[in-house]
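Student: Residue 1 is where the sequence shown starts when you use the numbering used here, and the numbers rise one by one after that.
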Amino acid sequence: MTTPRGHLRLVYAVALFLHQFLQIFASQEYGEVYSDGFIVEIYDDEALTFSIVSEQLQSEGIDHEVINDMSNLVPEVFKGATIKLQHSQQLEQLKRSRHIKRVTPVQRIHNLKPVTSQILDHPPAREAHSHIDSFGPHIQTRVADLHLRGWYGQGIQIALLDSGVDCYHPALGGGFGKGFTIARGMDFVGDNVDWKSSPSASNNPCTQCAIHGTHTTGIIAASSNAYGGGVSPNSSIGMYRVFGCRDEGGTRSDILVTALLRAFKDGANVISASIGGPGGWSMGDVLSDCVNRLTERGVIIVLAGGNEGSEGLFFAERPASATGSISVGSVQASTSIVTTLLTSTGKKLRYHTAGRLEGEAIPVYVTATNATESDVCQPLGDETPDLSKYVVLVERGTCTFQLKITHLVAKGVRRVLFYMRQSDMITLATYMQGVEVGTISNEDASYLIAQTRKTPRSFTLTFPKAPHTYVPASDAGKISVFSQYGPSYDFKNLQPNILAVGGNIVSTVPRASGNYASFSGTSMATPQLAGIAALVLSIRGKHVNPQFMKNILTTTSQLVMTGSQGDEISSVIHQGAGLVNAYCAALAHTFLSAATFVLNDLHHFQENHSVRITNGGSETYTFRITHRPAQTLPTFSPGSHRVNTVVEPITGQSPAEVLFDTLSFQLAPWESKMVTFTFKPPKGLDQALLPVYSGYISFISEAECESHNVPYYGIYGVMKQQAVIDRGPDTGKYADYSLPRITDRNFEALGYSTMSFRRGNFMMLRYRLAFGSPHIRTELVYGHATLDGSTWDLDNDFRQDPKLYKNLTDTHFSTFRGMMIIGKLVASNASYNSRTPRSETEVYLWDGSINPIENTTKIIEVPGGIYKILFRALRINGDPNHDKDWDAWLSQSFHVTQ
């Protein structure tokens, strides 16, 4: 998935009186919106084609251009097209046309980047084509055990939505089309396009620029080679290219819908994609709804759970949160890649880098004279020499790598080796601010320091182009730090559902880019899980439906431990059901009817749950049931309503209580048993922290692969009581101001001042959501309005500005807490909103135009007067008809002149 987003998401409101305009909308769903582009879904009537609808729209005066007709791909799933409106003010009229089911803005989906990347010019030495699969990630997930039995995914079609693939890579079959590994697919975009460009479609997804797509394809389908091999190499692959070659290009949401539909139409049994953005809702956007409809028709869809673990809880990805999808988080591989440096004393030492340092006989410079955690956390002094000719050795310490590099660059540094305080190493980007970067163990760094001090003028390092090697990883099997946390806001799908291996994964990249590379991200875990699903299908049969697949994958998974002693079970909202166990998912004879128990919050607490366990084998199995509590995680810190970015478990508290109606039982062949559980929430937790408690109900059998775990989780607090609007500081150079706030076009704060919207002028509303919201609204009220519930004088309001009401066709006005709402700011309302990343501020640009209440098809210019902006967000589980269920903010007054 993409790395954390740092851009401001902008919303441009478009007025009727503007002749030329630019629309770059903010999206609470994914990203910016394609100018005047809309996905139009029509009703599923056999006699109704989009051509007929288009003619009808033209007859109604709605000028448009059809740019992507999807209505004939899979009409029972989605019937519609992408159109471009010639006049944006006709949007409300379009929504009300009689054949239109739904209208959704075409949104930008950011393209995919691994968290770390390391091109391997000399792949690790390993015996290729061995009948024994020794690849670390395959051993961790027990894929290797299935390979040992001769199961490689034969007969299953897997579709990938990605950036294309190097079809002619020798490990990927060396060709494209029938009889090759990459047997089918399409290119929906072309090479040199970004999300705003007109795509150049073709029937050939092969390209040399598809680094990400070639890597994910290799994880599934690569033949045995020097690094390892694919999970399901005998499956037939379809590549549906949705991203071009540009790193920052992104793609359009309608292209992704088209690709999903085409993959399904082409017969895909499994679809794998690493797409999306912040969400946390199971439905409501076109991609999530498409995923849900496709899974209802039998296709298994595996989606990346996201790489933004640093954002803390309640940051589930969309469309991975879709009810029918399987959402995938990441653990670290059991091995990592290192390469070798040579000292002038003849010693070989290993170091980590995302690429490789270069140079011969380079002297060493040590920045610290003694052990210090603040090494280079401050600018280096004037006594420091020009560091361009050295390999600089720096202790990891407490401040960031980037800050250290900034201080080193000021002294001309070109190469840096960071050393840890322990024996382990981590992998960093190859270059940071143009500096070659690597890491080395504390033990080896001590040797380098000692030799440098002993013979400072003659001791040097050389970086040969030696083969990379695999070494045991110190973080093997741990949840990747980038792996995103759940839960979702509507609790419809556990986030993540499951973990696969996504940290330090070696796979194919295009030949032009070096053939092989090690990447990290949930983008790597996702195709591994998709390949495992294909293995399960090839063994159990294609009749296995998506719900059974989710249940069997999750309940047979391996729980991931954590804590200083490795004796605590990681939270369900970080590991889902645990690390996938491919062997048991494929061969277990017993299976459960449920994959998760959702206890909800305290106000909606669900105490009673049942699950049916069935024995589909020929033997009798004995089970005992146990409760295994997992970590409890706080959403907030004491006194804060902003989500913690550093997640530390709550310790010393009692877990939830679980009562069973039976403790042990036997299950004969083809017998089923319903088991019932009664839960009680934990005691003594602080509701203000909104803790998420969790654990597992374990069905333990002595027979291999017949044990199962059912995860549960609940919220110790009330979702509807959580503040949604962030009243904290603005971001960047505006951090001295509190949010929300209104500013002029130059970002200057507005006091009580005069404002004119003539000549393209506009006002900004800057805000951030601290929590998710089903709906947000931005409306205009009069300048004397307050939030304290005081009444308003309708006759006085009419006398204040009668000109405004001459533009309205209805005088039945909406009110909120005693305020009369004049109108909705154009293009400002949004549904199914995620919380805003902590480093971002959302911006709505208002040009003075509104949709009057009760006549939202009209756009009018606000006449002169004194006004305020009402910004409100509906709380989770809130009733939109109850004013108290909205979190609301009212701006200061401003005076609009003509």
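Ideal Cβ positions, reconstructed from N, Cα and C, are used throughout, including at glycine. Quick caveat, the model's predicted, so the values are computed rather than measured.
1) With 16 as the cutoff for other CB atoms within 10 Å, does Thr651 come out buried or exposed?
2) If you follow the beta strand (DSSP E) that Leu387 is part of, which residue opens it and which one closes it?
3) Run through DSSP, which three-state label would Cys705 get?
4) Would you report the Cα separation of Gly521 and Thr335, rounded to the nearest angstrom?
5) Is it right to say Leu890 is buried, meaning 16 or more other beta carbons lie within 10 angstroms of its own, or is it exposed?
6) Using a Cβ-Cβ cut-off of 8 Å, state whether Thr754 counts as contacting chain D.
7) Determine the DSSP secondary structure at Gln666, reduced to helix, strand or coil.
8) In chain order, what residues of the same chain have a beta carbon less than 6 Å from the beta carbon of Thr251, not counting five sequence neighbours either side?
9) Please name the residue in Phe401, Leu357, Ile697 and Glu358 whose C-alpha comes closest to that of Asp375.
10) Measuring only the C-alpha atoms, how far is Asn716 from Glu607?
11) Just the Cα atoms here: how many angstroms apart are His641 and Ala873?
12) Count the other CB atoms, across all protein chains shown, that sit within 10 Å of the CB of Gln898; report buried if there are 16 or more and exposed otherwise.
13) Per DSSP, which residues does Asn833 bridge with? Please list them.
14) Apart from the five residues just before and just after Thr460, which ones in its own chain have a Cβ nearer than 6 Å to its Cβ?
15) So Leu787 packs on Phe871, CB below 8 Å; how close in whole Å?
16) Starting from Arg624, follow its DSSP beta bridges and name the residues at the other end.
17) Along the chain, where does the beta strand (DSSP E) that runs through Asp887 open and close?
18) Under a three-way DSSP split, which group does Gln118 fall into?
19) Could you check where the alpha helix (DSSP H) with Tyr447 kicks off and where it finishes?
20) Give a yes or no on whether the C-beta atoms belonging to Cys206 and Cys167 are separated by under 8 Å.
21) How big is the Cα-Cα spacing for Gly80 and Ile39?
22) Rounded to whole angstroms, how far is the Cβ of Val291 from the Cβ of Gly324, which I believe are closer than 8 Å?
23) Per DSSP, Gly329 is paired with what?
24) Going by DSSP, name the residue or residues bridged to Lys868.
25) Is it true that the CB of Ile573 sits closer than 8 Å to the CB of Pro487?
26) Taking DSSP as the reference, what is the three-state secondary structure of Ala630?
27) Going by beta-carbon coordinates alone, are Val692 and Ser518 separated by less than 8 Å?
28) Are the stretch 611-629 and the stretch 577-587 touching by the rule of at least three beta carbon pairs closer than 8 Å?
29) Mapping the DSSP letters down to three states, classify Met561 as helix, strand or coil.
30) When burial is assigned at 16 or more other CB atoms within 10 Å of the CB, is Ile132 buried or exposed?
31) Please name the residue in Ser198, Ala723 and Phe463 whose C-alpha comes closest to that of Gly878.
32) Give the straight-line distance between the Cα atoms of Met744 and Asn545, rounded to the nearest whole angstrom.
33) Taking only the alpha-carbon atoms, compute the straight-line gap between Pro467 and Leu341 and give it to the nearest angstrom.
34) Name the two residues that bound the continuous beta strand (DSSP E) containing Phe747.
35) Taking the continuous alpha helix (DSSP H) assigned at Tyr767, which residues delimit it?
Tutor: On the basis of the coordinates in this document:
1) One-based indexing of the sequence shown puts residue 651 at position 651. Label assigned to Thr651: exposed.
2) The residue given as residue 387 occupies position 387 in the sequence shown. Counting along the chain, Leu387 falls outside any beta strand (DSSP E), and DSSP gives it neither H nor E.
3) Here residue 705 refers to the residue found at position 705 of the sequence shown. DSSP places Cys705 in coil when its eight states are reduced to three.
4) In the sequence shown, counting from the first residue as 1, residue 521 sits at position 521. In the sequence shown, counting from the first residue as 1, residue 335 sits at position 335. Approximately 15 Å between the Cα atoms of the pair.
5) Start at 1 with the first residue of the sequence shown, and residue 890 comes out as number 890. So Leu890 counts as buried.
6) Annotation note: the requested chain D is absent from the structure, which comprises a single protein chain.
7) Within the sequence shown, the letter at position 666 stands for residue 666. Residue state, collapsed to three classes: strand.
8) Here residue 251 is taken as the residue at index 251 of the sequence shown, counted from 1. Once the five neighbours on either side are set aside, the close Cβ partners of Thr251 are Ile109, Trp195, Val242 and Phe243.
9) The count along the sequence shown starts at 1 and reaches residue 375 at position 375. With distances taken between Cα atoms, Asp375 lies closest to Phe401.
10) Counting from one through the sequence shown, the residue named residue 716 turns up at place 716. Counting from one through the sequence shown, the residue named residue 607 turns up at place 607. Note that residue 716 is Tyr in the sequence shown here, rather than Asn. Using only the alpha carbons, I get a separation of about 13 Å.
11) Numbered from 1 along the sequence shown, position 641 holds the residue referred to as residue 641. Numbered from 1 along the sequence shown, position 873 holds the residue referred to as residue 873. Distance between the alpha carbons of His641 and Ala873: 15 Å.
12) Looking up residue 898 in the sequence shown gives position 898. So Gln898 counts as exposed.
13) Walking along the sequence shown from the start, residue 833 turns up at place 833. Its beta-bridge partners are Ser773.
14) On the sequence shown, position 460 is the one that residue 460 refers to. Taken in chain order, the residues that qualify are Ser344, Ala361, Ile362 and Pro363.
15) Your numbering for residue 787 matches position 787 in the sequence shown. Your numbering for residue 871 matches position 871 in the sequence shown. With 8 Å as the limit, Leu787 and Phe871 do not qualify as a contact, their Cβ atoms being about 11 Å apart.
16) On the sequence shown, residue 624 is found 624 positions in, with the first residue counted as 1. Paired residue(s): Ser664 and Ile700.
17) Position 887 of the sequence shown, counted from the start, is the residue given in the question as residue 887. Trp886 to Leu890 is the extent of the beta strand (DSSP E) around Asp887.
18) Within the sequence shown, numbered from 1, the residue matching residue 118 stands at position 118. The answer is strand: DSSP assigns Gln118 an E or B state.
19) If you number the sequence shown from 1, residue 447 lands on position 447. Start and end: Asn442 to Lys454.
20) For the purposes of this step, residue 206 is identified with residue 206 of the sequence shown, where counting begins at 1. For the purposes of this step, residue 167 is identified with residue 167 of the sequence shown, where counting begins at 1. Going by C-beta atoms, Cys206 is nearer than 8 Å to Cys167.
21) Indexing the sequence shown from 1 puts residue 80 at position 80. Indexing the sequence shown from 1 puts residue 39 at position 39. Looking at the two C-alpha atoms, the distance is approximately 7 Å.
22) For this step, residue 291 is matched to residue 291 along the sequence shown. For this step, residue 324 is matched to residue 324 along the sequence shown. So it is a contact: roughly 6 Å between Cβ atoms.
23) Position 329 of the sequence shown, counted from the start, is the residue given in the question as residue 329. Answer by DSSP bridge pairing, in chain order: Leu499.
24) The sequence position of residue 868 within the sequence shown is 868, counting from 1. In DSSP, Lys868 forms a bridge with Val781.
25) Counted from its first residue, the sequence shown places residue 487 at position 487. Counted from its first residue, the sequence shown places residue 573 at position 573. Their beta carbons are under 8 Å apart, which means Pro487 touches Ile573 by this criterion.
26) The residue labelled residue 630 in the question sits at position 630 within the sequence shown. Three-state DSSP puts Ala630 in coil, outside helix and strand.
27) Counting from one through the sequence shown, the residue named residue 692 turns up at place 692. Counting from one through the sequence shown, the residue named residue 518 turns up at place 518. No, these two residues do not count as a Cβ contact at 8 Å.
28) no
29) Locating residue 561 in the sequence shown gives position 561, counting from the first residue. The answer is strand: DSSP assigns Met561 an E or B state.
30) Here residue 132 corresponds to residue number 132 of the sequence shown, with the count starting at 1. Label assigned to Ile132: exposed.
31) Position 878 of the sequence shown, counted from the first residue, corresponds to residue 878. When only C-alpha atoms are compared, the closest one is Ala723.
32) As a working mapping, residue 744 is identified with position 744 in the sequence shown. As a working mapping, residue 545 is identified with position 545 in the sequence shown. Looking at the sequence provided, one finds Asp at residue 744 rather than Met. Approximately 55 Å between the Cα atoms of the pair.
33) Position 467 of the sequence shown holds residue 467. Position 341 of the sequence shown holds residue 341. Roughly 11 Å separates the two Cα atoms.
34) Residue mapping note: residue 747 aligns to position 747 of the sequence shown, counting from 1. Taken as a continuous stretch (DSSP letters only), Phe747 belongs to no beta strand (DSSP E), as it is neither H nor E.
35) Residue mapping note: residue 767 aligns to position 767 of the sequence shown, counting from 1. Run containing Tyr767: none in the alpha helix (DSSP H); it sits in the beta strand (DSSP E), Met763 to Tyr767.
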